[in-house]
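Quick notes on the structure that follows.
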Amino acid sequence: MAHALGAATAPAILRNSDLDGDAVRRARVDLAACFRMAAKLGMHEGICNHFSAMVPGRDDLFLVNAYGLAFSEVTASNLLVCDFGGNVVAGQGVPEATAFYIHGRLHMKNPRARAAFHTHMPNATALAMLEGPPLVWAGQTALKFYGRTVVDEEYGGLALDEAEGDRIAASMGEADVVFMKNHGVMVIGQSIAEAWDDLYYLERAAEAQRLAMSTGRALKPVPPEMAERTYRQMREGDRESARLHLESVKRILAREAPEFMH
């Protein structure tokens, strides 16, 4: 199902010394931790899904996983640095083709997307396969996303060109989460920690809704006024909570799979 990105039309850019700085090293470790925990929690699908993050201090380069690696194999050092032309600036290998066309265009078109996580994680993807709105505002965890989601109804097959990447990027608008009907989900954040936090809780909200729906009983949505109020309560301090969440992930992995940092 996955496709390697073909060779770029332009020669690769020479590696810059700022790609070896502390900020980039921290971003590599943070992003690798997200891959490893996503694998641990069953939020991956073979070698087909992808996370990316803009290189700190740069608006033209992004980190992304290499084609052919499972999430559980990603480390800080084997992440690639790519430009928007498809050139690999640092690292061995190439990105998966849909990773480049989706993430490269999304980062280029949407400055808010400092991190972009795309998965076919089972519960959120199951909701994206249904007619109508994917999330029903019936669970407290779901209210974290109240007013922050959009639905892309126009499934366009595999994103193997810039046009489909641009269409997906445009579909996000001002949302932080897009349910890609018949496909999966995309979560963007202004930091790696925020994207991870949203991805994690989105899947938890979707899992709870799926379990509730499986009873065959009607869901009880939260009234819009209370949903909005609760959302605003949750957003207070959300950035710090996301940072601490990712720090906890790194502590767990440092004990159980410390090679992710290398």
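The working numbering applies: residue 5 is where the sequence shown begins, and numbers increase by one. Each residue gets a CB set at the ideal place from its N, CA and C atoms; glycine is no exception. Predicted model, so just to flag it, every value in this text is computed and none were measured.
Query raised in the report: Going by other Cβ atoms of all chains shown within 10 Å of its Cβ, with 16 needed for buried, is Y159 buried or exposed?
Result: One-based indexing of the sequence shown puts residue 159 at position 155. The residue is exposed, with fewer than 16 neighbouring Cβ atoms inside 10 Å.
Query raised in the report: According to DSSP, what are the bridge partners of G188?
Result: Numbered from its first residue, the sequence shown carries residue 188 at position 184. In DSSP, G188 forms a bridge with M184.
Requested in this report: To the nearest angstrom, report how far apart G188 and R116 are at their CA atoms.
Outcome: Residue mapping note: residue 188 aligns to position 184 of the sequence shown, counting from 1. Residue mapping note: residue 116 aligns to position 112 of the sequence shown, counting from 1. If you take the alpha carbons of G188 and R116, they lie about 21 angstroms apart.
Report task. Tell me, to the nearest whole angstrom, how far the beta carbon of A119 is from that of A27; I am working on the premise that it is less than 8 angstroms. Result -> Position 115 of the sequence shown, counting from 1, holds the residue named residue 119. Position 23 of the sequence shown, counting from 1, holds the residue named residue 27. The C-beta separation of A119 from A27 comes to about 14 angstroms, leaving the pair out of contact by the 8 angstroms criterion.
Requested in this report: State the CB to CB distance for the pair H54 and H122, rounded to an integer number of angstroms; the pair is presumed to be in contact (CB under 8 angstroms).
Outcome: By 1-based counting over the sequence shown, the position of residue 54 is 50. By 1-based counting over the sequence shown, the position of residue 122 is 118. Confirmed, about 6 angstroms.
**Report entry** Neighbourhood of M41 by C-beta distance below 6 angstroms, restricted to the same chain and skipping five residues each side
**Finding:** As a first step, residue 41 is located in the sequence shown; it is residue number 37 there, counting from the start. Here the set comprises V253.
Query raised in the report: Taking buried to mean at least 16 other C-beta atoms within 10 Å of its own C-beta, is A246 buried or exposed?
Result: Counting from 1 along the sequence shown, the entry for residue 246 is found at position 242. Looking at its Cβ environment, which holds 16 or more other Cβ atoms inside 10 Å, A246 is buried.
**Report entry** Nearest neighbour of G90, chosen from S76, G108, S81, N82 [CA to CA]
**Finding:** Residue numbering aside, residue 90 sits at position 86 when the sequence shown is read from its first letter. Proximity to G90 across S76, G108, S81, N82 peaks at G108, based on C-alpha coordinates.
Report task. Find out if the Cβ-Cβ distance for the pair L147, T234 is shorter than 8 angstroms. Result -> One-based indexing of the sequence shown puts residue 147 at position 143. One-based indexing of the sequence shown puts residue 234 at position 230. Yes, these two residues count as a Cβ contact at 8 angstroms.
Query raised in the report: What does DSSP give as the partner residues of S56 in its beta bridges?
Result: As a first step, residue 56 is located in the sequence shown; it is residue number 52 there, counting from the start. Bridge partners of S56: V68, A120.
Query raised in the report: Which runs of the beta strand (DSSP E) fall wholly inside the region 122–174 and span at least 3 residues, in chain order?
Result: 153–156
Query - Residues bridged to P99 (per DSSP) - result: By 1-based counting over the sequence shown, the position of residue 99 is 95. DSSP output for P99 lists A70 as bridge partner(s).
**Report entry** Cut-off 7 angstroms between Cβ atoms - residues of its own chain near S175, not counting five sequence neighbours on either side
**Finding:** Residue mapping note: residue 175 aligns to position 171 of the sequence shown, counting from 1. Closer than 7 angstroms at Cβ, skipping near neighbours: V154, D156, V182.
Query raised in the report: If you draw a straight line from the C-alpha of D242 to the C-alpha of H124, how long is it?
Result: Position 238 of the sequence shown, counting from 1, holds the residue named residue 242. Position 120 of the sequence shown, counting from 1, holds the residue named residue 124. D242 and H124: Cα-Cα distance of roughly 25 angstroms.
Report task. Just list the alpha helix (DSSP H) runs in the region 194–265, keeping only unbroken ones of 4 residues or longer that don't cross its boundaries, in chain order. Result -> Qualifying alpha helix (DSSP H) stretches, in chain order: 196–218, 228–239, 242–260.
Report task. Would you tell me roughly how many angstroms separate the C-alpha atoms of G25 and G143, rounded to the nearest one? Result -> Taking the first residue of the sequence shown as 1, we reach residue 25 at position 21. Taking the first residue of the sequence shown as 1, we reach residue 143 at position 139. Distance between the alpha carbons of G25 and G143 is about 42 angstroms.
Query raised in the report: Would DSSP call V78 helix, strand or coil?
Result: Position 74 of the sequence shown holds residue 78. In this structure, V78 counts as coil in the three-state DSSP scheme.
**Report entry** Range of the contiguous alpha helix (DSSP H) that encloses D34
**Finding:** Mapped onto the sequence shown, residue 34 falls at position 30. D34 -> alpha helix (DSSP H) spans 26–44.
Requested in this report: Report all residues from its chain with a CB closer than 6 angstroms to the CB of I196; omit the five preceding and five following residues, and keep chain order.
Outcome: By one-based count along the sequence shown, residue 196 stands at place 192. For I196, where only same-chain residues beyond five positions count, the Cβ hits under 6 angstroms are D34, L35, A57, A119.
Query raised in the report: Since D63 sits in a beta bridge, which residues does DSSP pair it with?
Result: Taking the sequence shown and counting its residues from 1, one reaches residue 63 at position 59. Partner(s): none; D63 has no beta bridge.
Query raised in the report: Does DSSP put L110 in a helix, in a strand, or in coil?
Result: The sequence position of residue 110 within the sequence shown is 106, counting from 1. It is helical.
Query raised in the report: Between the region 57–74 and the region 95–104, do three or more beta carbon pairs fall short of 8 angstroms?
Result: As far as the Cβ criterion goes, the region 57–74 touches the region 95–104, which means the pair count is three or higher.
Report task. Taking only the alpha-carbon atoms, compute the straight-line gap between E263 and G161 and give it to the nearest angstrom. Result -> Here residue 263 is taken as the residue at index 259 of the sequence shown, counted from 1. Here residue 161 is taken as the residue at index 157 of the sequence shown, counted from 1. Those two C-alpha atoms are separated by around 36 angstroms.
Requested in this report: Verify whether the separation of the beta carbon atoms of E128 and E178 is less than 8 angstroms.
Outcome: Here residue 128 refers to the residue found at position 124 of the sequence shown. Here residue 178 refers to the residue found at position 174 of the sequence shown. According to the sequence shown, residue 128 is Ala rather than Glu. Cβ atoms of A128 and E178: not closer than 8 angstroms.
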